[in-house]
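Asks:
There are 4 protein chains.
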Amino acid sequence: MAFTFPQKVLFKHCDPAGIVFYPRYFEMLNDAVEAFFDAALGWPFEVIHAEAAVPTASMQVQFTAPSRHGDALVFEVAVQAVGRSSVTLRTQARCGADLRMAVDHVLVHVDRDGRPQPWPARVRGAMEGVMDGPE
Amino acid sequence: MAFTFPQKVLFKHCDPAGIVFYPRYFEMLNDAVEAFFDAALGWPFEVIHAEAAVPTASMQVQFTAPSRHGDALVFEVAVQAVGRSSVTLRTQARCGADLRMAVDHVLVHVDRDGRPQPWPARVRGAMEGVMDGPE
Amino acid sequence: MAFTFPQKVLFKHCDPAGIVFYPRYFEMLNDAVEAFFDAALGWPFEVIHAEAAVPTASMQVQFTAPSRHGDALVFEVAVQAVGRSSVTLRTQARCGADLRMAVDHVLVHVDRDGRPQPWPARVRGAMEGVMDGPE
Amino acid sequence: MAFTFPQKVLFKHCDPAGIVFYPRYFEMLNDAVEAFFDAALGWPFEVIHAEAAVPTASMQVQFTAPSRHGDALVFEVAVQAVGRSSVTLRTQARCGADLRMAVDHVLVHVDRDGRPQPWPARVRGAMEGVMDGPE
Numbered sequence: 399m400a401f402t403f404p405q406k407v408l409f410k411h412c413d414p415a416g417i418v419f420y421p422r423y424f425e426m427l428n429d430a431v432e433a434f435f436d437a438a439l440g441w442p443f444e445v446i447h448a449e450a451a452v453p454t455a456s457m458q459v460q461f462t463a464p465s466r467h468g469d470a471l472v473f474e475v476a477v478q479a480v481g482r483s484s485v486t487l488r489t490q491a492r493c494g495a496d497l498r499m500a501v502d503h504v505l506v507h508v509d510r511d512g513r514p515q516p517w518p519a520r521v522r523g524a525m526e527g528v529m530d531g532p533e
Numbered sequence: 399m400a401f402t403f404p405q406k407v408l409f410k411h412c413d414p415a416g417i418v419f420y421p422r423y424f425e426m427l428n429d430a431v432e433a434f435f436d437a438a439l440g441w442p443f444e445v446i447h448a449e450a451a452v453p454t455a456s457m458q459v460q461f462t463a464p465s466r467h468g469d470a471l472v473f474e475v476a477v478q479a480v481g482r483s484s485v486t487l488r489t490q491a492r493c494g495a496d497l498r499m500a501v502d503h504v505l506v507h508v509d510r511d512g513r514p515q516p517w518p519a520r521v522r523g524a525m526e527g528v529m530d531g532p533e
Numbered sequence: 399m400a401f402t403f404p405q406k407v408l409f410k411h412c413d414p415a416g417i418v419f420y421p422r423y424f425e426m427l428n429d430a431v432e433a434f435f436d437a438a439l440g441w442p443f444e445v446i447h448a449e450a451a452v453p454t455a456s457m458q459v460q461f462t463a464p465s466r467h468g469d470a471l472v473f474e475v476a477v478q479a480v481g482r483s484s485v486t487l488r489t490q491a492r493c494g495a496d497l498r499m500a501v502d503h504v505l506v507h508v509d510r511d512g513r514p515q516p517w518p519a520r521v522r523g524a525m526e527g528v529m530d531g532p533e
Numbered sequence: 399m400a401f402t403f404p405q406k407v408l409f410k411h412c413d414p415a416g417i418v419f420y421p422r423y424f425e426m427l428n429d430a431v432e433a434f435f436d437a438a439l440g441w442p443f444e445v446i447h448a449e450a451a452v453p454t455a456s457m458q459v460q461f462t463a464p465s466r467h468g469d470a471l472v473f474e475v476a477v478q479a480v481g482r483s484s485v486t487l488r489t490q491a492r493c494g495a496d497l498r499m500a501v502d503h504v505l506v507h508v509d510r511d512g513r514p515q516p517w518p519a520r521v522r523g524a525m526e527g528v529m530d531g532p533e
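Chains as they are written, first to last, in the numbering used here: chain A, 399 to 533; chain B, 399 to 533; chain C, 399 to 533; chain D, 399 to 533.
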């Protein structure tokens, strides 16, 4: 069961070629992940960052088709694997049935000094629930 | 022989955790690639984009250590492979000897309708010269 | 009658001091204006920019209090005056009753060569309706 | 005597209309001010932000002409007035002789709780030196 995050392509996202400038996709991606932690895991970024962080460690990205100003994108965030202090997500952005971007990305839970920390049990349970849940 | 692009970590790049927010790395990466096309290939983005584009098709990214405000990063852009209308780059950002980010990325030369176009012979030659040149 | 646009302060908006980095306010402001043209005037930016533009000519900005990650901001966009090809807006961003930013800004309708163009009659009427409407 | 900061207009700065998207001007402006504090005042932002901040309190902005991809802008930062804990700057961005943007902006030196703090004597002296110096 993926978490879905709608994002219209706005003026600010687009480049002189009239399509999304790829660093703006990563701002959208971060917004989607921030909403996922808030709404699906019950652990908002503004709470996490009081004492910790969840930086991205690695990403594999495919840009499969361009997106244009006004396109109604939907980001689907799915949990692929949950480690002790990491989580592997697969996020896909589509406009209707058309895939625009697919990312496999690994996030790590770290303390303020950057040392990996285990996920809180409640958060880990919520991640596993998202992963295992029905479509 | 890699093309080098210096980039101090500025206030605008950093997040509430005091480290570079990863979408900002991709703005730096795009600046490094834009400078590479201008200075190393003699084909500035503002000339290319009059009638074409060089969008990124895919990326594999490792964030190996955080970067902090004031760090003097150096981006090294190296050509890995040159195709008919694509090029594979490996870009690494370091602070001194410390690797911060490594990206394998593929760019494609397309016309205004997004159809792949062969590299101009002069540009292709410059890419191959960068690839084969001495360190 | 002001048009309202909600915007939670997200991770991407905040700087190492933990507050909104002021260039990000202008991205929010542009989003608020883009939503205003779409929802209140029935003239979406993606339609406008097929053949014209509405660049900002001037702004007077007061940042009255800092905004923090997680704050639930509301932008209120009000029409102050409608000219032949310009419009003066006053936009205020609040968190609850607390004013965070106030902007008086002038936008101009221009063609692709940057020459001022009169507002379409329907758009002008919608602007005047917003200006004159009940609170 | 103004402090000058060169900034080529890059791909990332430009919108679908092919001109600088105005929130990007404020990122350039912040970079110019960050360079001014570092090079002209000897007080780098990364040092300031260890225990304080210099947020912008107000701005008056005129966008006098559009800037295009590849334009070689020069930002001139001039000190207009120095208060106990504030400074009024006038920054103008030009391409050759052509004025593109002019900003009168007020910055305030605050501690971590946002309370105004007097400028360090050395910094105040440097500001006054910049203001009074020969062209």
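From the three backbone atoms N, C-alpha and C, an ideal C-beta is built for every residue, glycine too.
In terms of residue numbering, what span does the alpha helix (DSSP H) encompassing L427/C cover?
Replies: By one-based count along the third sequence, residue 427/C stands at place 29. Per DSSP, L427/C belongs to the alpha helix (DSSP H) from 420 to 433.
Asks: What residues match up with M457/A in a beta bridge as DSSP calls it?
Replies: As a first step, residue 457/A must be located in the first sequence, where it is residue number 59. For M457/A, which the question treats as bridged, DSSP gives the partners H503/A, V459/B.
Asks: Looking only at its own chain, which residues have a Cβ that is under 7 angstroms from the Cβ of V407/C, when we skip the five neighbours before and after it?
Replies: Here residue 407/C refers to the residue found at position 9 of the third sequence. So the qualifying residues of the chain are V418, S465, R466, H467, G468, D469, L471.
Asks: Taking 8 angstroms as the threshold (beta carbon to beta carbon), is G440/C in contact with chain A?
Replies: The residue you call residue 440/C lines up with position 42 of the third sequence. No, no contact with chain A.
Asks: Can you pull the chain A neighbours of C493/D, defined as C-beta to C-beta under 9 angstroms?
Replies: Position 95 of the fourth sequence, counted from the first residue, corresponds to residue 493/D. Close partners of C493/D in chain A (Cβ separation under 9 angstroms) are lacking, with about 17 angstroms as the shortest Cβ gap.
Asks: Would E533/B pass as an interface residue toward chain C - the criterion being a Cβ-Cβ separation below 8 angstroms?
Replies: Here residue 533/B refers to the residue found at position 135 of the second sequence. Confidence at E533/B is low in this model, with a pLDDT of 49, below 50, so the placement of that residue should be treated as unreliable; the coordinate-derived value is given next. No, E533/B lies away from the interface with chain C (no Cβ there is under 8 angstroms from its Cβ).
Asks: For chain B, is any of its Cβ atoms less than 8 angstroms away from the one on G416/C?
Replies: The residue you call residue 416/C lines up with position 18 of the third sequence. Output row for G416/C: interface = yes.
Asks: Residues of chain C with CB closer than 9 angstroms to the CB of R461/D, please, in chain order.
Replies: Counted from its first residue, the fourth sequence places residue 461/D at position 63. According to the sequence displayed, residue 461/D carries Phe and not Arg. By Cβ distance, chain C contributes P453, T454, A455, S456, M457.
Asks: In the DSSP assignment, the alpha helix (DSSP H) including V521/C goes from what residue to what residue?
Replies: For this step, residue 521/C is matched to residue 123 along the third sequence. Membership of V521/C in the alpha helix (DSSP H) is indicated by the continuous run 519 to 530.
Asks: Does any C-beta atom of chain B lie closer than 8 angstroms to the C-beta of H467/D?
Replies: Taking the fourth sequence and counting its residues from 1, the one referred to as residue 467/D is at position 69. Cβ-Cβ to chain B under 8 angstroms: yes for H467/D.
Asks: Which residues bound the alpha helix (DSSP H) around V445/C?
Replies: Locating residue 445/C in the third sequence gives position 47, counting from the first residue. Where V445/C is concerned, the enclosing alpha helix (DSSP H) stretches over 443 to 446.
Asks: Return the residues of the region 499 to 514 of chain A that lie within a Cβ-Cβ distance of less than 7 angstroms from chain B, sorted by chain order.
Replies: Taking 7 angstroms as the cut-off between beta carbons, the residues of the region 499 to 514 of chain A near chain B are G512, in sequence order.
Asks: Determine, using beta carbons only, whether F403/C comes closer than 8 angstroms to chain D.
Replies: Numbered from 1 along the third sequence, position 5 holds the residue referred to as residue 403/C. No - not a single Cβ of chain D is within 8 angstroms of the one on F403/C.
Asks: What residue range is occupied by the uninterrupted beta strand (DSSP E) comprising Q515/C?
Replies: In the third sequence, residue 515/C corresponds to position 117, counting from 1. No beta strand (DSSP E) contains Q515/C, which DSSP labels as neither H nor E.
Asks: May I ask you to verify whether the region 442 to 456 of chain B touches the region 437 to 451 of chain A, counting CB pairs closer than 8 angstroms and requiring at least 3?
Replies: no
Asks: Helix or strand or just coil, what does DSSP make of A476/D?
Replies: In the fourth sequence, counting from the first residue as 1, residue 476/D sits at position 78. The three-state secondary structure of A476/D, taken from DSSP, is strand.
Asks: Where DSSP assigns a beta bridge to D469/A, which residues make up the other side?
Replies: As a working mapping, residue 469/A is identified with position 71 in the first sequence. Looking at the DSSP assignment, D469/A forms no beta bridge with any residue, so it has no partner.
Asks: Find the residues of chain A that neighbour F443/C, judging by a C-beta separation of less than 9 angstroms, and give them in chain order.
Replies: For the purposes of this step, residue 443/C is taken as residue 45 along the third sequence, with counting starting at 1. L408, F409, H467, G468, listed in chain order.
Asks: What does the Cβ neighbour count give for Q405/A, buried or exposed, with the cut at 16 atoms within 10 Å?
Replies: In the first sequence, the residue the question calls residue 405/A occupies position 7. Buried, because 16 or more other Cβ atoms sit within 10 Å of the Cβ of Q405/A.
Asks: Skipping 5 residues on each side, what residues in its chain have a beta carbon closer than 6 angstroms to that of F403/A?
Replies: Sequence index remark: in the first sequence, residue 403/A carries index 5 (1-based). Excluding positions up to five away in sequence, the list reads A430, A433, F473.
Asks: Ordered along the chain, which non-local residues of its own chain (more than five positions away) have a Cβ less than 7 angstroms from that of G523/D?
Replies: As a first step, residue 523/D must be located in the fourth sequence, where it is residue number 125. Within the same chain, G523/D has no close Cβ partners at all.
Asks: Strictly below 8 angstroms CB to CB, what residues from chain E border E425/C?
Replies: Included in the structure are the protein chains A, B, C and D, with no chain E among them.
Asks: CA-CA distance, Y420/B and F424/A?
Replies: The count along the second sequence starts at 1 and reaches residue 420/B at position 22. The count along the first sequence starts at 1 and reaches residue 424/A at position 26. Straight-line Cα distance between these residues: approximately 8 angstroms.
Asks: Here's a check: name, in chain order, each residue in its chain whose Cβ is nearer than 8 angstroms to the Cβ of Q515/D, leaving out the five neighbours to either side.
Replies: What you label residue 515/D is simply residue 117 of the fourth sequence in a count that begins at 1. For Q515/D, where only same-chain residues beyond five positions count, the Cβ hits under 8 angstroms are A450, S483, H507, V508, D509.
Asks: Among M529/A, V521/A, D530/A, T462/A, which residue has its Cα nearest to the Cα of V445/A?
Replies: Looking up residue 445/A in the first sequence gives position 47. When each option's Cα is compared against that of V445/A, the closest is V521/A.
Asks: In the DSSP assignment, find the unbroken beta strand (DSSP E) run with A491/D in it and report its ends.
Replies: Here residue 491/D is taken as the residue at index 93 of the fourth sequence, counted from 1. That run of the beta strand (DSSP E) goes 484 to 493.
Asks: I need the straight-line Cα distance from T582/D to V480/D, nearest angstrom please.
Replies: Absent from the model: residue 582/D. The displayed extent of chain D is 399 to 533, so no value can be given.
Asks: Going along the chain, which residues of its own chain have a beta-carbon closer than 8 angstroms to the beta-carbon of A437/C, five neighbours each way excluded?
Replies: Counting from one through the third sequence, the residue named residue 437/C turns up at place 39. So the qualifying residues of the chain are F401.
Asks: Specify, as a first and last residue, the run of the beta strand (DSSP E) that F409/C falls within.
Replies: The count along the third sequence starts at 1 and reaches residue 409/C at position 11. Here F409/C belongs to no beta strand (DSSP E), and DSSP marks it neither H nor E.
Asks: Counting only Cβ pairs nearer than 7 angstroms, list the residues of chain C close to D496/A.
Replies: Locating residue 496/A in the first sequence gives position 98, counting from the first residue. Here the premise fails: no neighbours, minimum Cβ distance about 17 angstroms.
Asks: For A415/D, which of helix, strand or coil comes out of DSSP?
Replies: The sequence position of residue 415/D within the fourth sequence is 17, counting from 1. A415/D: coil per DSSP, three-state reduction.
Asks: Using the Cα positions of H411/B and F409/D, report the straight-line distance between them to the nearest angstrom.
Replies: Translated into the one-based positions of the second sequence, residue 411/B becomes position 13. Translated into the one-based positions of the fourth sequence, residue 409/D becomes position 11. Computed Cα separation, rounded: 17 angstroms.
Asks: Taking 7 angstroms as the limit between beta carbons, can you name the residues of its chain near P442/A, skipping five residues before and five after?
Replies: The sequence position of residue 442/A within the first sequence is 44, counting from 1. Around P442/A: F435, D436.
Asks: Give me the chain C residues within the contact set of P464/D, using Cβ-Cβ distance strictly less than 8 angstroms, ordered along the chain.
Replies: Numbered from its first residue, the fourth sequence carries residue 464/D at position 66. Correct list: P453, G512.
Asks: Give a yes or no on whether the minimum CB-CB distance between D413/D and chain B is below 8 angstroms.
Replies: If you number the fourth sequence from 1, residue 413/D lands on position 15. Chain B contact via Cβ: absent.
Asks: Using CA atoms only, rank isn't needed, just tell me which of F461/D, A491/D, Q460/D is closest to V475/D.
Replies: Stepping through the fourth sequence from its first residue, residue 475/D is reached at position 77. Comparing Cα positions, the closest option is A491/D.
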